[in-house]
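S.K.: Under the numbering used here, the first residue of the sequence shown is numbered 16, with each subsequent residue one higher. We put the CB at the ideal spot given by N, CA and C, even for glycine. Computed from a predicted structure; not experimentally measured.
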Amino acid sequence: MKKRVLSLMLAAGMLAALAACGNGDSGNSTAPDASTSPDSTASTPADTTSSDLATLANQVSVNPNVGQGLYPGTSEAGSVTVECSTMSVMNPILQTYNTEFSVSRHMWDALVKLDANNNVVGAAAESWESSEDGLTWTFHLREGMKWVDSTGAVVGDVTANDFVFAWSELLNPANAAEYYNFAIIFKNAQAYYDYMSGVEGAEEVTLDEVGFRAVDELTLEIELENYLPYLLQYLKFEVMSPIYQPFYEEVGADRYGTSPDNLLYSGPFRMTNWVTENTITLEKNDEWWDADNVSISEINFVKYTDTNTKYNAFLSGEIDIIDITGEQRAMFEAEGFTPSSYVGGYSYYFFCNNLTQEQIDANPDLYSNAKLSDMRSPSLRKAVSAALNREQIISTVFKNDNQPSACFTFGITSVDGGSFSDVVVAANGGQPLYSPTSEPEVAQEYLAAALEELGYSDVSEIHISLLTSEGTENELFSQVVQEQLRTVLGIENVDIDVVTITEARARRNAVNFDMFMGGWGPDYNDPMTFLDIRMTDNGNNHTGYSNPEYDALIESTKAETDPEAREQLFVQAELMLAEDMPVVPVYWRYEDYVASEKLVSGYIRKSFQGYYLAYTTLAE
């Protein structure tokens, strides 16, 4: 869906995932077990009462390094400083990167959230129930929730209409929200979106006919187009956050979210300062419904683009939480300082420009800034994949527990409680879909086919540019890939194009690149979170890939109620992606990070969610 497309933008060593809301305990390649999977109430249409979000305070992480005196952290009392690699968009319906979601989940409450064990708990919603068939849900909001401005002044009450309005704006084609598909789950939402988009032949559908409505100020009713076993996990996602309509309309859609003063806040913190792409400061919202359980007064998110600079900032007490490289992990361990780790759940790959001239000619407005790339050749994409030595990339660049991608999907639980990726590998005769090491002979065979597809007589005519966003590891990664393509394929025209994350986002969206390193983290525990982003019209499909058979296959999963049969449809989708190769999977990411001794407990970093610091306890 998610979370997520992510540019290889390792701000100070961290690859920031787009959309995918996920970031918590490294281990092997298996997905989280049932005890750490999202609440089963999401897959069982029955009466459900939410847990109190405040129970997070008793569940969250405990720092293993407290009291050692090695790295006491930042000096300002009541304040936490955290690494954040992307901070360019703060309108919740327009955000796409995981680190932006990490900021926004502190500023707004969606209907539900995930606790420290990835169980669904109530946030803005206090309780909910569903119809027997799971198609109609009723959510009961908490009383007394307030909207505040950047100064903390109360502006209005949080009501059910705030969710109705936000979701209507998510569905508004004029906003060009990449995650508009999150709202397509509602009854008649797709038909409404098509009509509003001017799709030829689309019948008129009004917003009143879409399946969400405010029954009263504190009661929200939704109707689904199809039963979703992961609905509650879906609703916790940051793009589903509420928006206060009077303020939004007063500020205007173009200005909403462009500064702290052009936003309102309903979560545990409010934004008081924002230097785009560099820093964000959040201060405690005293009007939040659970403010009594929030002990910290300030969170500072700071961007770093250099791995060593970030590392040294932690050593000197300028920052409290950072992601670290494998080498840095070893250095901390040698000092007796224990890093924390978790299965990140991110699948990293090269976006490949699949656009043909026919597609560009047929959609001149949509692809006005697009590039006709040599990567439009399916055989060239397969040649690149076969040329990559994924194990070497991991050992050279990351030096950690990252693993070569065996398939596109990672970190998702299978029907039998194991790993969905293992099911895919089993269906492929027990072999990974993508080789962990280079296959020169296979690569050369595909290269010969690519020359024919492109109408070239010699490999010297092939040009490939590797688009990446600034960052130490990003650039090293690109250099390693550059050398592998030259060595195995003989392609000398392999350029590295390093740009800011803002420019990378724009060029990705326009399909103005050859290959772009990015990735996806799971928004929820279901294969759909990875696989629907490759559908033709998905807002996060930035490759130009369009296969009607693949689209139909993914659509068929929505009507399949048998879990095992549904899983096999997803397996077929994985195999089809391996055949068409619209993207080139490279590695699965595992996360290592350190927290200063200032943080005693109460901070969350888990798969399916990024930072959550509302209940952090600091040393006295």
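Could you check the C-alpha separation between His121 and Gly625 for me, to the nearest Å?
M.R.: The residue given as residue 121 occupies position 106 in the sequence shown. The residue given as residue 625 occupies position 610 in the sequence shown. Answer to the nearest angstrom: the Cα atoms are 11 Å apart.
S.K.: Return yes when the Cβ of Ile295 is within less than 8 Å of the Cβ of Asp607, no when it is not.
M.R.: On the sequence shown, residue 607 is found 592 positions in, with the first residue counted as 1. On the sequence shown, residue 295 is found 280 positions in, with the first residue counted as 1. No, they are not a contact pair.
S.K.: Can you give the Cα-Cα distance for Thr101 and Asn113, rounded to whole angstroms?
M.R.: Indexing the sequence shown from 1 puts residue 101 at position 86. Indexing the sequence shown from 1 puts residue 113 at position 98. Whole-angstrom Cα-Cα distance: 8 Å.
S.K.: So, helix, strand or coil for Tyr319, using DSSP?
M.R.: One-based indexing of the sequence shown puts residue 319 at position 304. Looking at Tyr319 - three-state DSSP - the assignment turns out to be coil, as it is neither helix nor strand.
S.K.: So what does DSSP say about Ala140, is it helix, strand or coil?
M.R.: Residue 140 sits at position 125 when you count from the first residue of the sequence shown. In this structure, Ala140 counts as strand in the three-state DSSP scheme.
S.K.: Drop a sphere of 10 angstroms on the beta-carbon of Glu147, count the other beta-carbons inside from all chains shown, and report buried for 16 or more, exposed for fewer.
M.R.: On the sequence shown, position 132 is the one that residue 147 refers to. Exposed, by the Cβ-count rule.
S.K.: Between which two residues does the beta strand (DSSP E) containing Arg285 stretch?
M.R.: Counting from 1 along the sequence shown, the entry for residue 285 is found at position 270. That run of the beta strand (DSSP E) goes 284-290.
S.K.: Go through the region 504-559 residue by residue and report every complete run of the alpha helix (DSSP H) that reaches 4 residues or more, in order.
M.R.: As far as the region 504-559 is concerned, its whole alpha helix (DSSP H) runs of at least 4 residues are 516-525, 543-546.
S.K.: What does the alpha-carbon distance come out to for the pair Ala206 and Glu218?
M.R.: Your numbering for residue 206 matches position 191 in the sequence shown. Your numbering for residue 218 matches position 203 in the sequence shown. Roughly 7 Å between the two C-alpha positions.
S.K.: Rounded to whole angstroms, what's the CA-CA distance from Leu614 to Asp566? Just pull it up for me.
M.R.: Mapped onto the sequence shown, residue 614 falls at position 599. Mapped onto the sequence shown, residue 566 falls at position 551. Leu614 and Asp566: Cα-Cα distance of roughly 46 Å.
S.K.: Going by beta carbon distance, what residues of the same chain come within less than 6 Å of Asp62, once the five residues before and after it are set aside?
M.R.: Taking the sequence shown and counting its residues from 1, one reaches residue 62 at position 47. Only weak support is given to the placement of Asp62: the predicted model assigns it a pLDDT of 39, under 50, and the question is left unresolved by the model.
S.K.: Taking the straight line between their C-alpha atoms, what separation do you get for Ala139 and Asp389?
M.R.: Within the sequence shown, numbered from 1, the residue matching residue 139 stands at position 124. Within the sequence shown, numbered from 1, the residue matching residue 389 stands at position 374. The alpha-carbon atoms of Ala139 and Asp389 are separated by roughly 49 Å.
S.K.: How is Glu414 classed by DSSP in three states: helix, strand or coil?
M.R.: As a first step, residue 414 must be located in the sequence shown, where it is residue number 399. A quick correction: the sequence has Lys, not Glu, at residue 414. Lys414 falls in the coil class under three-state DSSP.
S.K.: How big is the Cα-Cα spacing for Val104 and Val290?
M.R.: Here the question's residue 104 lines up with position 89 in the sequence shown. Here the question's residue 290 lines up with position 275 in the sequence shown. Answer to the nearest angstrom: the Cα atoms are 11 Å apart.
S.K.: Would you mind sorting Asp380 into buried or exposed? The rule is 16 or more other CB atoms within 10 Å of its CB.
M.R.: Mapped onto the sequence shown, residue 380 falls at position 365. Asp380 is exposed by the Cβ-count criterion.
S.K.: Any contact between the region 89-101 and the region 298-318? By contact I mean 3 or more CB pairs, one from each, below 8 Å.
M.R.: Taking 8 Å as the limit for Cβ pairs, the verdict is that the region 298-318 does touch the region 89-101.
S.K.: Using three-state DSSP, classify Pro13 as helix, strand or coil.
M.R.: The structure shown does not extend to residue 13, since the chain spans only 16 to 635, so no value can be given for it.
S.K.: Just to confirm, is the Cβ distance from Leu481 to Ser493 under 8 Å?
M.R.: Stepping through the sequence shown from its first residue, residue 481 is reached at position 466. Stepping through the sequence shown from its first residue, residue 493 is reached at position 478. Yes; because the gap between Cβ atoms is below 8 Å, this pair is in contact.
S.K.: How many angstroms separate the CA atom of Leu235 from the CA atom of Gly533?
M.R.: As a working mapping, residue 235 is identified with position 220 in the sequence shown. As a working mapping, residue 533 is identified with position 518 in the sequence shown. The alpha-carbon atoms of Leu235 and Gly533 are separated by roughly 36 Å.
S.K.: Classify Trp152 as helix, strand or coil using the three-state DSSP reduction.
M.R.: In the sequence shown, residue 152 corresponds to position 137, counting from 1. Of the three classes helix, strand and coil, the one that applies to Trp152 here is strand, per DSSP.
S.K.: Around the C-beta of Asp124, are 16 or more other C-beta atoms found within 10 angstroms, so that it is buried, or is it exposed?
M.R.: By one-based count along the sequence shown, residue 124 stands at place 109. So Asp124 ends up on the buried side.
S.K.: Would you mind working out which of Val514, Glu115, Arg270 sits nearest Gly486, comparing C-alpha positions?
M.R.: Locating residue 486 in the sequence shown gives position 471, counting from the first residue. Of Val514, Glu115, Arg270, the residue nearest in Cα terms is Val514.
S.K.: Take the Cβ of Arg639 as the centre, count every other Cβ of all protein chains shown within 10 Å, and call the residue buried at 16 or more, exposed below.
M.R.: Any property of residue 639 remains undetermined from this structure, which presents the chain solely from 16 to 635.
S.K.: Report buried or exposed for Asn293, applying the criterion of at least 16 other Cβ atoms within 10 angstroms of its Cβ.
M.R.: For the purposes of this step, residue 293 is identified with residue 278 of the sequence shown, where counting begins at 1. Result: exposed.
S.K.: If Tyr357 sits next to Trp535, beta carbons under 8 Å apart, how far is it from one beta carbon to the other, in whole angstroms?
M.R.: If you number the sequence shown from 1, residue 357 lands on position 342. If you number the sequence shown from 1, residue 535 lands on position 520. So it is not a contact: roughly 17 Å between Cβ atoms.
S.K.: Restricting to runs no shorter than 4 residues, where is the alpha helix (DSSP H) found entirely within the region 194-266?
M.R.: The region 194-266 contains these whole alpha helix (DSSP H) runs: 204-211, 246-250, 260-266.
S.K.: In the DSSP assignment, the beta strand (DSSP E) including Ile336 goes from what residue to what residue?
M.R.: As a working mapping, residue 336 is identified with position 321 in the sequence shown. Here the beta strand (DSSP E) through Ile336 covers 336-338.
S.K.: Rounded to a whole number of angstroms, what is the C-alpha to C-alpha distance between Arg522 and Asn378?
M.R.: The residue you call residue 522 lines up with position 507 of the sequence shown. The residue you call residue 378 lines up with position 363 of the sequence shown. C-alpha separation (whole angstroms): 17 Å.
S.K.: Pull up the CB-CB distance for Gly341 and Asn415, whole angstroms please, since I reckon it's below 8 Å.
M.R.: To locate residue 341, count along the sequence shown from 1; it is residue 326. To locate residue 415, count along the sequence shown from 1; it is residue 400. About 3 Å separates the two Cβ atoms, so the contact holds.
S.K.: Taking 7 Å as the limit between beta carbons, can you name the residues of its chain near Phe637, skipping five residues before and five after?
M.R.: Outside the displayed span of the chain (16 to 635) sits residue 637, for which this structure offers no information.
S.K.: Going by the DSSP bridge assignment, what does Ser434 pair with across the sheet?
M.R.: Along the sequence shown, one-based indexing puts residue 434 at 419. Ser434 pairs with Thr428.
S.K.: Any contact of the region 244-253 with the region 190-207, i.e. 3+ C-beta pairs under 8 Å?
M.R.: Result yes; three or more Cβ-Cβ pairs closer than 8 Å.
S.K.: Determine the burial state of Arg270: buried for a count of at least 16 other Cβ atoms within 10 Å of its Cβ, exposed for fewer.
M.R.: Taking the sequence shown and counting its residues from 1, one reaches residue 270 at position 255. By the 10 Å Cβ count, Arg270 comes out exposed.
S.K.: Could you check what DSSP says for Leu330 in three-state terms: helix, strand or coil?
M.R.: Position 315 of the sequence shown, counted from the first residue, corresponds to residue 330. In the structure shown, Leu330 sits in a helix (DSSP, three-state: H, G or I).
S.K.: Which residues in the same chain as Asp577 place their Cβ atom closer than 7 Å to its Cβ, once the five residues preceding and following it in sequence are excluded?
M.R.: Start at 1 with the first residue of the sequence shown, and residue 577 comes out as number 562. If we look at Asp577 and ignore the five residues flanking it on each side, it has no Cβ neighbours.
S.K.: What does the alpha-carbon distance come out to for the pair Ser165 and Asn277?
M.R.: On the sequence shown, position 150 is the one that residue 165 refers to. On the sequence shown, position 262 is the one that residue 277 refers to. Rounded to the nearest angstrom, the two C-alpha atoms are 8 Å apart.
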